[in-house]
Amino acid sequence: MAENQRAIDARATEATPLLQNGKDGQNQHYNLAGLSQTTFWILCLSMWIAAFLVAFDGTVVAALIGPISSSFNATNEASWLGTSYLLAVCCVSPIYGRLCNVIGRQASMLIAVVVFAIGNILCAVAPTMNILIAARFIAGLGGGGLQVTSSTITSDIVPLSYRGLFQVSVLCCLTVPRLILSLQGYANITFGIGTGLGAPIGGFVNDWLGWRWAFWLQAPTFVVAFIAVFFFVRYDVPSSKRATQTPLEMLKRIDFAGCLLLFGWLGCAILVLSMKTEATDDSLSWTSPRILGLIITSVILFLVFLVVEFKLVKEPVLPIDLLGRRTPIACFVNNFFISIVIFGTLYTVPLYFSAVLQMSSTETGLRFMPAPLIGICTSIGVGYLVKVYGKYKWLCFLGGLDGILGAFLITLWRIDSPNWQTWTFWQVSAPSGSAVTTLTVVALIADVGREGIAMATSLSYVARMTGQVVGVSMSGAVIQTVLARDLPRRITGPGSIEIISSIRKSSAAIKELSTDLQFAARMSYQKATHTVFVIQVVMCVLYTLAGLGIEEVDMKAINETAPPSRDEEAEQGLPSSDGPFNGRQ
């Protein structure tokens, strides 16, 4: 114990992790860094504020996507509010992991807080839709960093045996079976609170003050987070083997090429869908030079991405070695499709409420609240069952069946559906997202062993982030495609072209139409969103079937030895993969 304390007191670079020191987590105090009680809890509070910020911001935008886009007469571009943010997170998250070891935890998190704050302030003052989309991209550059750095700092100051209290760790299913997994992590509870409050508060603020205030009201929290990080993320950590590497050597380990190529080919593919489906006339065909050029560019960048990941980098964003194994590929496909479902639904349901049912932003936001609470309860239950029985495959399958049922019930929504259906049907599939994403990470880690934890989580990260981007962009593309075909069939006569264009650009314009035209527009939006919901049912079936490819490992047969440092996972830029809201940034 004396040696342990001397190691903790040793002066070393703040850029290195703390987890190598100390005895078995069951015998350690929760304050691994030896900080004062006040400093420790303020530091934890800083991490929880970061989790709250990311969750709150994400659901605010999703819930207000209709009012925000309508205010710019750009509902046909609404999906870009989510897509631009997620593209930025996808590109920058792996880089932050390495930066934590190169420039330190404090500097990395301060950069993330400042960039996230700048992005949100720009959202509040954005004069045009294009500037707002760019501001969401900037916010994503900071939001991705907040997830990575807060997870890394938590790993530094809290030992594994207590980390289940501070951020629920699926690794505990493997390494600390004695830990009571039914204890929900404080960080993920905070994330759940942010997810649950973001939409109703954002809706209320929009109805009373306007949507811009939903961004302005976050500013004080940014200030608190910056001050807390600046004054309290100053702990010293003992050196590790990574401290022998120079900053340049650590920077060289970042797969910059993979991150940029992933961003490039995804961005070009999404831009094709955007340009083709958002055009309110027939000026762009599939054979137009711009569309063909983007398609060719996307294909080339994708092929180059594969070459780089297969041949040229030692630590790729996409761990190719795992894709030849049954369980990793099953989990990859599962995570990809479930992320499409979660984010496609997250950005489509609010549009359905506002355009089809003509709900206020407050009414829409209130319907977001139950899902995070259900997710927390599901996480508790799943963690307990895995701990007790050591099985996960059929739990994952049952979660998939729940997702199919919930997605099917949403397809039953109609323009005259009773109010109770809009409250309950959306919540049925809430357990599926938290259960399946958590259990597939457990399956990955059980399959690859402790030495492959970082690669396994990286694989899950790439699948989820790609699926999230595709889910938001695809749902927007489908909605605009259906509207472009259905509105001209329902609205004809003098001035119909202008009316149709205004409806596609602003769902709020529906309220200004005559009763007959309102009904026609609402029916078109119902058909468009219903098409997305049907596609989501198919996606649910696909991720459920993919889960059947998982090979189950007896969790109770795994030795209770300490896992490798969480720093290896952090260096790859991996936000915590545990907890109930893996699919909801």
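For the sequence shown, this note's numbering begins at 145 and goes up steadily by one.
All residues carry an ideal CB built from backbone N, CA and C; glycine is no exception.
Outcome for residue i when other beta-carbon atoms lying within 10 angstroms are tallied against a minimum of 16
{"i": "residue 781", "result": "Since the first residue shown for the chain is 145 and the last is 729, residue 781 is missing from the structure and cannot be characterised."}
{"i": "residue 660", "result": "exposed"}
{"i": "residue 231", "result": "buried"}
{"i": "residue 472", "result": "buried"}
{"i": "residue 307", "result": "Any answer about residue 307 is weak, because its pLDDT of 45 lies below 50 and its placement is not dependable; what the coordinates show is given next. Classification of residue 307: buried, given that the 10 Å Cβ count is 16 or more."}
{"i": "residue 369", "result": "buried"}
{"i": "residue 85", "result": "Residue 85 lies beyond the range of the chain shown here (145 to 729); nothing can be said about it."}
{"i": "residue 632", "result": "exposed"}
{"i": "residue 190", "result": "buried"}
{"i": "residue 274", "result": "exposed"}
{"i": "residue 287", "result": "buried"}
{"i": "residue 219", "result": "buried"}
{"i": "residue 381", "result": "Note on residue 381: pLDDT 49, under 50, position unreliable in the model; no value is reported."}
{"i": "residue 444", "result": "exposed"}
{"i": "residue 610", "result": "buried"}
{"i": "residue 638", "result": "exposed"}
{"i": "residue 480", "result": "buried"}
{"i": "residue 305", "result": "Summary for residue 305: the model assigns pLDDT 42, below 50, so the residue's position carries little reliability; its value from the coordinates is reported in the next sentence. Buried is the call here."}
{"i": "residue 269", "result": "exposed"}
Among the options, the one whose alpha carbon lies nearest that of residue i
{"i": "residue 482", "options": "449, 412, 575 and 649", "result": "575"}
{"i": "residue 233", "options": "588, 202 and 367", "result": "202"}
{"i": "residue 236", "options": "463, 260, 364 and 649", "result": "260"}
{"i": "residue 485", "options": "681, 271 and 403", "result": "681"}
{"i": "residue 527", "options": "584, 549, 655 and 560", "result": "584"}
{"i": "residue 360", "options": "190, 516 and 197", "result": "197"}
{"i": "residue 674", "options": "272, 558, 588 and 195", "result": "558"}
{"i": "residue 676", "options": "556, 228 and 195", "result": "556"}
{"i": "residue 410", "options": "376, 441 and 392", "result": "441"}
{"i": "residue 213", "options": "462, 543, 652 and 592", "result": "652"}
{"i": "residue 591", "options": "281, 475 and 419", "result": "475"}
{"i": "residue 225", "options": "616, 553 and 665", "result": "616"}
{"i": "residue 406", "options": "193, 374, 450 and 367", "result": "450"}
{"i": "residue 623", "options": "494, 535 and 541", "result": "494"}
{"i": "residue 185", "options": "272, 376 and 392", "result": "376"}
{"i": "residue 462", "options": "238, 503 and 351", "result": "238"}
{"i": "residue 418", "options": "403, 439 and 404", "result": "439"}
{"i": "residue 205", "options": "536, 276, 605 and 503", "result": "276"}
{"i": "residue 413", "options": "446, 534 and 536", "result": "446"}
{"i": "residue 253", "options": "534, 296 and 264", "result": "296"}
Inter-residue spacing [alpha-carbon to alpha-carbon] between residue i and residue j
{"i": "residue 658", "j": "residue 642", "result": "15 Å"}
{"i": "residue 614", "j": "residue 182", "result": "43 Å"}
{"i": "residue 243", "j": "residue 267", "result": "26 Å"}
{"i": "residue 563", "j": "residue 512", "result": "14 Å"}
{"i": "residue 705", "j": "residue 560", "result": "Interpretation of residue 705 is limited by its pLDDT of 44, a score under 50 that renders its predicted location unreliable; no figure is taken from the coordinates."}
{"i": "residue 207", "j": "residue 415", "result": "23 Å"}
{"i": "residue 349", "j": "residue 694", "result": "45 Å"}
{"i": "residue 698", "j": "residue 627", "result": "50 Å"}
{"i": "residue 505", "j": "residue 200", "result": "15 Å"}
{"i": "residue 223", "j": "residue 532", "result": "42 Å"}
{"i": "residue 586", "j": "residue 691", "result": "12 Å"}
{"i": "residue 588", "j": "residue 372", "result": "36 Å"}
{"i": "residue 490", "j": "residue 621", "result": "15 Å"}
{"i": "residue 280", "j": "residue 516", "result": "23 Å"}
{"i": "residue 187", "j": "residue 193", "result": "10 Å"}
{"i": "residue 542", "j": "residue 568", "result": "19 Å"}
{"i": "residue 464", "j": "residue 291", "result": "24 Å"}
{"i": "residue 272", "j": "residue 469", "result": "47 Å"}
{"i": "residue 367", "j": "residue 211", "result": "27 Å"}
{"i": "residue 636", "j": "residue 625", "result": "18 Å"}
{"i": "residue 530", "j": "residue 696", "result": "12 Å"}
Supposed close pair residue i, residue j - CB separation, criterion 8 Å
{"i": "residue 607", "j": "residue 573", "result": "Actually they do not touch by this definition, with Cβ atoms about 19 Å apart."}
{"i": "residue 344", "j": "residue 510", "result": "5 Å"}
{"i": "residue 655", "j": "residue 217", "result": "Wrong, their Cβ atoms sit about 14 Å apart, outside the cutoff."}
{"i": "residue 347", "j": "residue 508", "result": "6 Å"}
{"i": "residue 487", "j": "residue 612", "result": "4 Å"}
{"i": "residue 195", "j": "residue 294", "result": "6 Å"}
{"i": "residue 289", "j": "residue 262", "result": "With 8 Å as the limit, residue 289 and residue 262 do not qualify as a contact, their Cβ atoms being about 12 Å apart."}
{"i": "residue 647", "j": "residue 665", "result": "5 Å"}
{"i": "residue 619", "j": "residue 492", "result": "5 Å"}
{"i": "residue 466", "j": "residue 603", "result": "5 Å"}
{"i": "residue 284", "j": "residue 240", "result": "Not confirmed; about 12 Å, so no contact."}
{"i": "residue 355", "j": "residue 215", "result": "7 Å"}
Inspect the CB distances between the stretch 246-266 and the stretch 429-438 and report whether three or more fall short of 8 Å. At 8 Å Cβ cutoff, the stretches do not touch.
Pair every Cβ in the stretch 567-584 with every Cβ in the stretch 520-531, then say whether three or more of these pairs are closer than 8 Å. yes
Sufficient close CB pairs (3 or more, under 8 Å) joining the stretch 496-506 to the stretch 669-677: They touch, by the three-pair rule.
Is there contact here, the stretch 458-466 with the stretch 393-413, by at least three beta-carbon pairs under 8 Å? The stretch 458-466 and the stretch 393-413 touch, with no fewer than 3 CB-CB distances between them shorter than 8 Å.
Okay, do the stretch 682-696 and the stretch 547-563 touch, 3+ Cβ pairs below 8 Å being the bar? They touch, by the three-pair rule.
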